[in-house]
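Just so you know, the sequence shown maps onto residues 40 to 222 in our numbering.
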Amino acid sequence: MLRSTRKPHPVRQRRGLLMFPCVAALAAVSACSAVPHERVVSVQQLERASPCTESALGRALVSDPRRLAGMMSVLSPRLAVVQARSDAEWRLLQATAPELAGRPDFSRGMVIGVLTAAGSSLDGRWPIRIESVRVFDEAGYVCATFEGGSYLPDGVAYVEAAYVPGLKAVVMLDVNGVRYYPP
40 MLRSTRKPHP VRQRRGLLMF PCVAALAAVS ACSAVPHERV VSVQQLERAS
90 PCTESALGRA LVSDPRRLAG MMSVLSPRLA VVQARSDAEW RLLQATAPEL
140 AGRPDFSRGM VIGVLTAAGS SLDGRWPIRI ESVRVFDEAG YVCATFEGGS
190 YLPDGVAYVE AAYVPGLKAV VMLDVNGVRY YPP
């Protein structure tokens with residue numbers, strides 16, 4: 040292995056030493072500006088928020104829930120919450136659940152859906168229902184009901200969806216008294 044026996048030039052060496060603090064400071068400023076501002080919302084604030092007036096978009100059978108993976112938070116093997124925040128996500132949700140209707144204004148809110156893969160209901164009742172949505176500081180608390188009964192394990196999935204103004208993210212979901220916290 041060959042090594043140089045030349046000594047570094049004193050001016051070049053100083054320039055390198057002066058550059059290090061400047062580069063480090065610039066990296067620190069860039070890192071600070073890249074960190075998103077986090078909001079903190081407590082469970083009590085969400086529980087005390089008044090129920091908002093969401094616009095029901097309907098109920099639908101979901102042809103292939105796996106297509107919604109990018110906008111779906113799986114909460115249990117048979118329960119998920121779907122959050123559509125853009126026109127592209129809304130078109131994907133409609134393509135997967137064609138019975139859903141409406142034209143949401145994503146500049147003012149978002150679409151939420153509670154999805155269950157319970158299977159075909161033997162008594163014909165719809166298995167999932169959104170009861171209320173509470174919004175505090177753009178965070179949402181959804182209360183839903185799952186209808187108990189007999190279901191065929193055939194993989195049929197159901198969704199009930201609503202447009203909620205002022206909502207940016209569902210942070211808490213209550214189904215029959217059991218709380219879930221979507222990631």
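Backbone N, C-alpha and C fix where the C-beta goes; we use that ideal spot for every residue, glycine too.
Note that the structure is a prediction, hence the values are computed from the model and not measured.
C-beta contact flag for residue i and residue j at 9 Å
i: A208; j: Q84; result: no
i: R98; j: E186; result: no
i: A127; j: S102; result: no
i: A183; j: A157; result: no
i: V214; j: I167; result: yes
i: I169; j: V150; result: no
i: F175; j: V80; result: yes
Neighbour-count burial assignment, residue i, 16 or more Cβ in a 10 Å radius
i: A119; result: buried
i: Y220; result: exposed
i: R173; result: buried
i: T92; result: exposed
i: L154; result: buried
i: G109; result: exposed
i: G179; result: buried
C-alpha distance - residue i paired with residue j, whole-angstrom precision
i: G205; j: S112; result: 20 Å
i: E138; j: S94; result: 15 Å
i: L107; j: R87; result: 31 Å
i: V82; j: G216; result: 14 Å
i: R117; j: R218; result: 15 Å
i: R105; j: S89; result: 33 Å
i: D193; j: S159; result: 7 Å
i: S125; j: R142; result: 11 Å
i: L114; j: P222; result: 9 Å
i: V100; j: Y190; result: As written in the sequence, residue 100 is Leu, which differs from the Val given in the question. Each residue's Cα considered, the two are about 14 Å apart.
i: G188; j: S171; result: 22 Å
Integer-rounded CB distance, given that residue j should sit under 8 Å from residue i
i: L212; j: A140; result: In fact, because the Cβ distance is near 23 Å, the residues do not count as touching under 8 Å.
i: Y202; j: G148; result: 6 Å
(request) Evaluate contact between the stretch 129–140 and the stretch 155–170, counting only Cβ atoms and requiring at least three cross-stretch pairs below 8 Å. (result) Under the three-pair Cβ rule at 8 Å, the stretch 129–140 does not count as touching the stretch 155–170.
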